[in-house]
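Trainee: Each residue of the sequence shown is one higher than the one before, counting from 6 in our numbering.
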Amino acid sequence: MEKSEWIWMNGEFVRWDDAQVHVLSHGLHYGSGVFEGIRAYETERGAGIFRHRDHLDRLAKSAELYYLDIPYSVDELREATHELLRRNGLRGGYIRPIAFRGFGEMGLYAQSAPIDVIIAAWPWGAYLGEEAKRTGVRAKVSSWRRISAASLIPHAKASGQYLNSILAKTESVKAGYDEAILLDEHGMVCEGSGENIFLVRDGQLITPGHTASILDGISRKSVIQIAQDLGYTVVERDIARSELYVAEEAFLVGTAAELVPVREVDDHALGDPGEITRVIQARFEDALHGRAQEYLEWLDIVEQPSRVTS
Ligand SMILES: Cc1ncc(COP(=O)(O)O)c(C=O)c1O
6 MEKSEWIWMN GEFVRWDDAQ VHVLSHGLHY GSGVFEGIRA YETERGAGIF RHRDHLDRLA
66 KSAELYYLDI PYSVDELREA THELLRRNGL RGGYIRPIAF RGFGEMGLYA QSAPIDVIIA
126 AWPWGAYLGE EAKRTGVRAK VSSWRRISAA SLIPHAKASG QYLNSILAKT ESVKAGYDEA
186 ILLDEHGMVC EGSGENIFLV RDGQLITPGH TASILDGISR KSVIQIAQDL GYTVVERDIA
246 RSELYVAEEA FLVGTAAELV PVREVDDHAL GDPGEITRVI QARFEDALHG RAQEYLEWLD
306 IVEQPSRVTS
């Protein structure tokens with residue numbers, strides 16, 4: 006990881022190396038935390054944080070779902086993030102807010118343990134690599150099923166839930182693939198280990214609906230809007246595993262990975278990234294980088310002092 010200088014921790018800015026927690030923190034033992042992955046992009050008007058409020062609203066919702074009372078408002082977290090980027094001199098990068106049950110009480114009903122909140126930001130390139138964005142990834146359907154709503158809360162972005170993603174991702178990488186695709190408890194296609202999935206069939210975009218235990222991705226929502234604005238039909242429906250193999254095109258979307266074509270699933274070739282994937286990817290990149298007028302409102306611009314000194 007590339008270090009930055011400052012991390013915002015419980016209301017204070019502390020040095021990166023001093024941002025430490027107690028080894029008996031509740032979240033470390035039980036995964037009792039909620040977090041977000043957010044990206045900021047350098048734009049002509051300064052750092053633009055992509056759909057910042059949507060991410061912070063999801064953080065607040067995830068916290069509520071797991072009974073974590075975040076002692077800061079969404080506005081306070083937004084302001085802290087702006088100041089963090091300014092202090093670190095970052096005009097783009099990855100932003101990671103996390104709220105977790107801290108040190109003070111063990112046991113599963115540890116209501117007296119405080120909720121610690123930190124926000125870190127650092128430079129981080131495309132999660133699956135720039136090459137993957139151009140040529141696509143090789144994916145494997147995981148033997149691990151995506152967590153079900155009968156046991157956890159798929160719509161929350163909670164720390165402990167990521168053991169499921171880690172199992173799937175590790176299995177696929179160890180088997181020589183780039184990414185995992187998880188099926189849901191019914192055997193329907195759900196999502197990647199850290200991305201939502203879209204297929205193209207008969208020229209239409211298809212993506213699993215919310216009954217498939219997906220995370221309600223902010224990139225997914227943005228891509229649906231972009232595709233519809235471009236005149237494509239987007240259908241949210243169950244997707245059978247075998248549809249992955251016969252799709253004309255497929256791609257993954259997520260904050261860390263951005264939009265990544267899928268070139269192969271379980272050794273069935275889909276081929277080079279197709280036309281529809283390319284068109285939507287280009288538009289999505291324009292939106293992220295503040296080059297698309299109609300999506301400028303998705304960027305929360307951080308007022309920065311000018312880099313030019315005279
Ligand atoms: C499991 C999972 N699904 C989907 C996504 C995509 O969500 P978003 O576009 O909001 O980053 C992520 C990333 O946060 C994820 O971890």
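Just so you know, even glycine gets a beta-carbon here, dropped at the ideal spot from N, CA and C.
Because the structure is a prediction, the values reported are computed rather than measured.
(1) The alpha helix (DSSP H) with R91 in it runs from where to where?
(2) By how many angstroms is the C-alpha of F40 removed from the C-alpha of S164?
(3) List the endpoints of the continuous beta strand (DSSP E) containing N201.
(4) What would DSSP say about F105, mapped onto helix, strand or coil?
(5) Just the C-alpha distance for L293 and G112, rounded to the nearest angstrom, thanks.
(6) Whole angstroms are fine: how far does the CA of E69 sit from the CA of I152?
(7) Looking only at C-alpha atoms, which of Y77, G192, P128 sits nearest to L90?
(8) Suppose the cutoff is 6 angstroms on Cβ atoms and the five residues either side in sequence are ignored; what does the same chain contact list for G36 look like?
(9) The beta strand (DSSP E) that contains L304, what's its start and end?
(10) With C-beta atoms as the reference, is S9 less than 9 angstroms away from W21?
(11) Looking at the structure shown, is F127 part of a helix, part of a strand, or coil, going by DSSP?
(12) Among Y237, S148, A217, G141, which one has its Cα closest to the Cα of G279?
(13) Starting from the C-beta of H160, find all residues in its chain whose C-beta is less than 6 angstroms away, skip the five residues before and the five after it, and write them out in chain order.
(14) What are the partner residues of Q209, as DSSP defines its beta bridges?
(15) If contacts are defined as beta-carbon pairs under 8 angstroms, then S170 and G199 qualify, I think. What distance do you get, rounded to the angstrom?
(16) List the residues that DSSP assigns as beta-bridge partners of A255.
(17) Please give the ranges of any alpha helix (DSSP H) in the segment 12 to 39, keeping only runs that are unbroken, at least 4 residues long and fully inside the region.
(18) Would you kindly report the start and end of the unbroken alpha helix (DSSP H) that includes R139?
(19) Buried or exposed: H60, going by 16 or more other Cβ atoms within 10 Å of its Cβ?
(20) I need the straight-line Cα distance from I318 to L168, nearest angstrom please.
(21) Measuring alpha carbon to alpha carbon, tell me which of S148, I120, I186, G192 ends up nearest D243.
(22) Quick one: what's got a C-beta closer than 8 angstroms to Y237's C-beta in the same chain, skipping five residues either side?
(23) On the DSSP bridge assignment, give the partners of K145 in chain order.
(24) Is the segment 89 to 105 touching the segment 44 to 62 in the sense that three or more CB pairs, one from each, lie closer than 8 angstroms?
(25) Contact defined as beta carbons within less than 8 angstroms: I believe T260 pairs with R44. What is the distance between those atoms, to the nearest angstrom?
(26) Over what stretch of residues does the beta strand (DSSP E) that includes R44 continue unbroken?
(27) Using only alpha-carbon positions, find the residue among Y300, P119, S147 that is nearest to L187.
(28) Given a cut-off of 9 angstroms on the beta-carbon distance, is the pair W149 and S227 in contact?
Mentor: Based on what the coordinates show:
(1) Taken as a continuous stretch (DSSP letters only), the alpha helix (DSSP H) holding R91 covers 79 to 93.
(2) When rounded, the distance between both Cα atoms is 7 angstroms.
(3) In this chain, the beta strand (DSSP E) harbouring N201 covers 201 to 206.
(4) Taken through DSSP and simplified to helix, strand or coil, F105 comes out as strand.
(5) Roughly 42 angstroms between the two C-alpha positions.
(6) Taking the straight line joining both Cα atoms gives about 19 angstroms.
(7) Measuring from the Cα of L90, the nearest candidate turns out to be P128.
(8) Listed in chain order, the non-local C-beta contacts of G36 below 6 angstroms within the same chain comprise S164, G165, local neighbours out to five positions each way being set aside.
(9) In this chain, the beta strand (DSSP E) harbouring L304 covers 304 to 306.
(10) Yes. Within cutoff.
(11) Here residue 127 is Trp; the residue named in the question, Phe, does not match the sequence. Strand.
(12) Among Y237, S148, A217, G141, the Cα nearest to that of G279 belongs to G141.
(13) Excluding the 5 residues flanking it on each side, H160 has same chain C-beta neighbours closer than 6 angstroms at D221, in chain order.
(14) Answer by DSSP bridge pairing, in chain order: R206.
(15) That belief holds up - the Cβ atoms of S170 and G199 are roughly 6 angstroms apart, short of 8 angstroms.
(16) Looking at the DSSP assignment, A255 forms a beta bridge with L204.
(17) Here the runs fully enclosed are 31 to 35.
(18) For R139, the enclosing alpha helix (DSSP H) has its first and last residue at 135 to 140.
(19) Buried.
(20) Nothing can be reported for residue 318: it is not among the residues displayed for the chain, which extend from 6 to 315.
(21) Checked all of S148, I120, I186, G192; the closest Cα to D243 is G192.
(22) Cβ within range, chain order: G208, Q209, L210, I281, I285.
(23) Bridge pairing for K145: A185 [DSSP].
(24) Result yes; three or more Cβ-Cβ pairs closer than 8 angstroms.
(25) Rounded to the nearest angstrom, the Cβ distance from T260 to R44 is 5 angstroms, consistent with a contact under 8 angstroms.
(26) Unbroken beta strand (DSSP E) run through R44: 43 to 48.
(27) Closest option to L187, Cα to Cα, is S147.
(28) No, the pair does not count as a contact, with Cβ atoms beyond the cut-off.
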